[in-house]
Amino acid sequence: MNKKAHTLLLALMLAVFSILTGCSSSEETNGDTKKTIKFMHLWPAGSAKQQNKILTDIIKQYETDHKDIKVEVEVLDNEQYKNKIKVLSSSNELPDVGFTWAAGYLEPFVKGELFAPLDDVLDGGLKESFVAGTTEAYAIEGKTYGLPLELNIAPIYYNKSIFAKYNLEVPETYEEFETIVKTLAAKGVAPIALGNKDRWTGSLWYMYLADRIGGSEVLTKAIDRTGSFEDPALKTAAEKIQNLVDEKGFIKGFNGLSNDEGKSEFMNEKAAMYLMGSWELPNFTTNEEIAQEFKDNIGYFKFPVVEGGKGDINSWVGGPGVGMFVSENSKVKDDAKDFVKFFVEKWGEQSVTDAGVIPATKVDTAKVDLPKFYIDVLTDLNNASNLTLFADVQMSASVAETHLNLIQSLFGKEVTPDDYVKQHEEALSKE
Amino acid sequence: MNNVMSNKKIIAIYVLPALVLILALIYVPIVLTGYYGLMKWDGIGKMDFIGLTNYTTLIKDPKFWGSAYHSFLLALFSAISLIGYLLISIILAGKIKGADFFRKIYLIPMLLASVAIAQLWLKIYHPTNGILNNLLTSLGVENTPEWLADPKIALFAIFIPIIWQYAGFYILIYYAALKNIPETLIEAAKIDGASAWQIAVKIKLPLIMNVIKVTIVLAVVGSLKYFDLIYVMTGGGPNGSSEVMASYMYHQAFRGFDFGYGSAIGFFLLIICLVVTWVITKLTASDEDANY
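Structure representation (structure tokens):
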């Protein structure tokens, strides 16, 4: 009897639920004529708390200003986002507004006519508020298809107390850097946090070494085919990576750990250094969930120069980060464009003060009270002699896939530096 | 009732909805996949017809055959582990204390979502904080393995959770089949003086042979097209050492932006599964089905 009563209750509840949900959805479509802008982004509250907070805030402001519009948000983490956006685009179901990366990543979407040109949004003053060169990274054949939100450089963050404990000082040359690595490894402390399952994380290390050895152009030229990937500098950089692996520079099992797992070794003060984009700044400045004690402990330095190399210490790996696109096939295209404009403007103001994120729009540091850490990175960004855009973003999708796999094998010592450059060259010349 | 069943029109009306759904949702996409395999297509822009190029590239692609080899290894592992499940179910179906409890224990992993299982085992395999390596360290092992980062062991490290995940499913199937055997047969054998071993091998196994055949097909085909844990735990890495056919297809189509090639792999995978199923049923075909 008891069991029967339970089943009955359950059935009843289901019936009630379905009636309720049926009601609410019909209310939305019939009740008032609210338009919905679907917005997909990659800042989950967990791993990008500050960004997420501002984003939610801006959407709320927009909805208050525009009573007839509802912004429907879907959030995924970085890797999942990249996958889903491709699945959606192949079935032509892109959200009205979403995030994209620049250059090579953007190309297939533009060629497939999935992204709307945003030049009309930029006209009328908005273009001038961007840092020079940032919107250009999103332009193909003279039209801009994305509005960048971030401008990033990737420094090496380090844990001051671990450095102090072993009497280490911030390195200026690669030789000094290697000494630090060796000292820490000998003491049983993991020198560098790295989650190379995501592969672009390891690519950052390789890009820097290539830059410091062969100068700022060597990698870019190899990719745009005005140069060759078999340049000796690119091979030497590969050798240096493997030396670093041999010296036990990276945390144990890095090739099987995701970036988040790798990062947590640094956040838990188990690893001394971490090379990552400046989008991590909030975790070292404004994020309230992270202990102040830890935040005070973190500093950063520029990737050291390699003796005899052509690279300059003020050359950075970085460039504009994610940008916003509007779907060409969106049913609410004009509203979506308006929303993107609103978002970019608000983002420029709020990301600095509230999150400590460096936006792609110009920052007036005199006006706001900012953590010193942030100001320092911003100053370095302004004094950068060069910004090299992330290699996998520069390349086309299939070459990027080859590059990322080769990076993983290079770090895992499954490929010799010779074969590493050769296979790159083959993949690039096939295109 | 008989009247209804002999009326061909009514049969057609009853069968039609399911038939239409299956044709539209399964067979049409299969044909489309084969068709896309003939195209050079990034999944977004224009399609270019290139004939069988994708299929000929596939036959010559060492990376594909590497992933196919991994899939077959997994199939082999799953097939072998069936023996273990069978043994466990024979023990559980016998009258032992707590059989019910154990049956439930084995079934629990089935109830977890694949992604949850993957997260769980990622924690177990974590190179420095994982339970497994902590255990090994406390046992005095100095160079603990990097389970998911070492290309030599990553694939096998993933096999274990996969097999763990499906144990309950097969044990349950075997258990149900064994419980179906009439008690009288077993008792008659006991009176004739048959040992427990003899009863298991000479009576129980032959009687559930059909079920065993089905599980072999399920395990092998399921392994050949396996995807989820591999995708979450290693993404096929490091450098393809744990790549299987399905994950390779996924990477080509969605990561490398080569939908044509991805479709070709998918179609090929289907053919492999069909052939393997056919071979297994041929190999295990017996003259007649067991009757009680």
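Sequence order for the protein chains is A and B.
With the first letter of the first sequence counted as 1, position 190 gets the number 190 in the working numbering; the numbers rise by one all the way through.
Counting from 1 along the second sequence, just add 1000 to a position and that's the residue number in the working numbering.
All C-beta atoms, glycine included, are put in the ideal place defined by N, C-alpha and C.
Starting from residue i and walking both ways along the alpha helix (DSSP H), at which residues does that stretch end?
i: Leu122 (chain A); result: 119 to 122
i: Phe1371 (chain B); result: Look at the range of chain B in this structure, 1001 to 1292, and you will see that residue 1371 (chain B) is not part of it.
i: His41 (chain A); result: That residue, His41 (chain A), is in no alpha helix (DSSP H); its beta strand (DSSP E) goes 35 to 41.
i: Trp347 (chain A); result: 333 to 350
i: Tyr1174 (chain B); result: 1154 to 1180
i: Tyr1036 (chain B); result: 1028 to 1036
i: Tyr274 (chain A); result: Looking at the DSSP string, Tyr274 (chain A) is not in any alpha helix (DSSP H); the run it does join, the beta strand (DSSP E), is 271 to 275.
i: Thr388 (chain A); result: Counting along the chain, Thr388 (chain A) falls outside any alpha helix (DSSP H), though it belongs to the beta strand (DSSP E) covering 386 to 389.
Determine, for residue i, whether the minimum Cβ-Cβ distance to residues of chain B falls below 7 Å.
i: Glu28 (chain A); result: With a pLDDT of only 43 at Glu28 (chain A), under the threshold of 50, the placement of this residue in the model should not be trusted, and no figure is reported.
i: Gln242 (chain A); result: no
i: Asn268 (chain A); result: no
i: Trp98 (chain A); result: Looking at the sequence provided, one finds Gly at residue 98 (chain A) rather than Trp. So no, Gly98 (chain A) is outside the interface.
i: Lys422 (chain A); result: no
i: Cys23 (chain A); result: With a pLDDT of 44 at Cys23 (chain A), under the threshold of 50, the predicted position of this residue should be treated as unreliable, though the coordinate-derived value follows. Cβ-Cβ to chain B under 7 Å: no for Cys23 (chain A).
i: Lys111 (chain A); result: yes
i: Pro95 (chain A); result: no
i: Gly31 (chain A); result: Because the pLDDT of Gly31 (chain A) is 45, which lies under 50, any placement of that residue in the model is unreliable, and the number read from its coordinates should be weighed accordingly. By this cut-off, Gly31 (chain A) is not an interface position.
i: Pro108 (chain A); result: yes
i: Glu141 (chain A); result: no
i: Glu414 (chain A); result: yes
i: Asn83 (chain A); result: yes
i: Ser90 (chain A); result: yes
Do residue i and residue j have their CB atoms nearer than 7 Å?
i: Ser398 (chain A); j: Gly1237 (chain B); result: no
i: Val421 (chain A); j: Glu230 (chain A); result: yes
i: Leu1086 (chain B); j: Tyr1166 (chain B); result: no
i: Thr286 (chain A); j: Gln50 (chain A); result: yes
i: Tyr174 (chain A); j: Tyr300 (chain A); result: no
i: Leu406 (chain A); j: Gln423 (chain A); result: yes
i: Lys346 (chain A); j: Val121 (chain A); result: no
i: Pro1127 (chain B); j: Glu1146 (chain B); result: yes
i: Tyr1106 (chain B); j: Ile1013 (chain B); result: no
i: Ser216 (chain A); j: Ser315 (chain A); result: yes
i: Gly309 (chain A); j: Arg212 (chain A); result: yes
i: Phe1293 (chain B); j: Leu1052 (chain B); result: Shown here, chain B extends from 1001 to 1292; a query on residue 1293 (chain B) therefore has no answer.
i: Ala137 (chain A); j: Ala116 (chain A); result: no
I'd like the list of long-range same chain contacts for residue i, defined as Cβ closer than 8 Å, with 5 residues on each side in sequence excluded.
i: Ile1050 (chain B); result: Leu1038, Met1039, Lys1040, Gly1260
i: Ala1154 (chain B); result: Trp1147, Leu1148, Thr1234, Gly1237, Pro1238, Ser1241, Ser1242
Does chain A have any CB closer than 7 Å to the CB of residue i?
i: Gly1043 (chain B); result: yes
i: Ala1149 (chain B); result: yes
i: Pro1017 (chain B); result: no
i: Thr1033 (chain B); result: no
i: Pro1062 (chain B); result: no
What residues from chain A crowd round residue i, counting only those whose CB sits closer than 7 Å?
i: Asp1258 (chain B); result: Ser398
i: Glu1146 (chain B); result: Lys252, Gly253, Gly256
Could you work out which residues of chain A lie near residue i, taking near to mean beta carbons separated by less than 8 Å?
i: Phe1156 (chain B); result: By Cβ distance, chain A contributes nothing, its closest Cβ being about 13 Å from Phe1156 (chain B), past 8 Å.
i: His1251 (chain B); result: Glu401
Could you spell out the range, first to last residue, of the beta strand (DSSP E) harbouring residue i?
i: Leu194 (chain A); result: No beta strand (DSSP E) contains Leu194 (chain A), which DSSP labels as neither H nor E.
i: Tyr300 (chain A); result: 298 to 301
i: Leu151 (chain A); result: 151 to 153
i: Glu74 (chain A); result: 69 to 75
i: Met324 (chain A); result: 323 to 326
i: Asn159 (chain A); result: 156 to 159
Can you name the residues of chain B whose CB is closer than 8 Å to the CB of residue i?
i: Val87 (chain A); result: Phe1254
i: Lys333 (chain A); result: The contacting residues do not exist; Lys333 (chain A) stays about 18 Å from chain B at best.
For residue i, which residues in chain B fall below 9 Å Cβ to Cβ?
i: Leu370 (chain A); result: Simply none; closest approach about 35 Å.
i: Lys187 (chain A); result: Here the premise fails: no neighbours, minimum Cβ distance about 16 Å.
Identify the contact partners of residue i in chain A, using a Cβ-Cβ distance below 9 Å as the criterion.
i: Thr1128 (chain B); result: Ala190, Ile251, Lys252, Gly253, Glu265, Lys270
Please return the same chain residues whose Cβ sits closer than 7 Å to the Cβ of residue i, not counting the five positions on each side in sequence.
i: Ser47 (chain A); result: Asp77, Asp260
i: Ala1093 (chain B); result: Tyr1175, Leu1178, Lys1179
Identify the contact partners of residue i in chain B, using a Cβ-Cβ distance below 7 Å as the criterion.
i: Asn405 (chain A); result: Asn1239, Gly1240
i: Gln408 (chain A); result: Gly1237, Pro1238, Asn1239
Here's a check: name, in chain order, each residue in its chain whose Cβ is nearer than 6 Å to the Cβ of residue i, leaving out the five neighbours to either side.
i: Leu1136 (chain B); result: Thr1144
i: Gly262 (chain A); result: Ala193, Leu194, Gly195
i: Ile1026 (chain B); result: none
i: Pro44 (chain A); result: Val75, Asp77
i: Gly31 (chain A); result: A caution first: Gly31 (chain A) carries a pLDDT of 45, below 50, which makes its placement in the model unreliable, though a value can still be read off. So no residue of the chain qualifies.
i: Ile313 (chain A); result: Lys302, Val305
i: Leu381 (chain A); result: Ile153
i: Thr135 (chain A); result: Thr144
Got a sec: does the ligand MN put a non-hydrogen atom nearer than 6 Å to the Cβ of residue i?
i: Leu1139 (chain B); result: Ligands are entirely absent from the displayed structure, and the ligand MN is therefore not among its contents.
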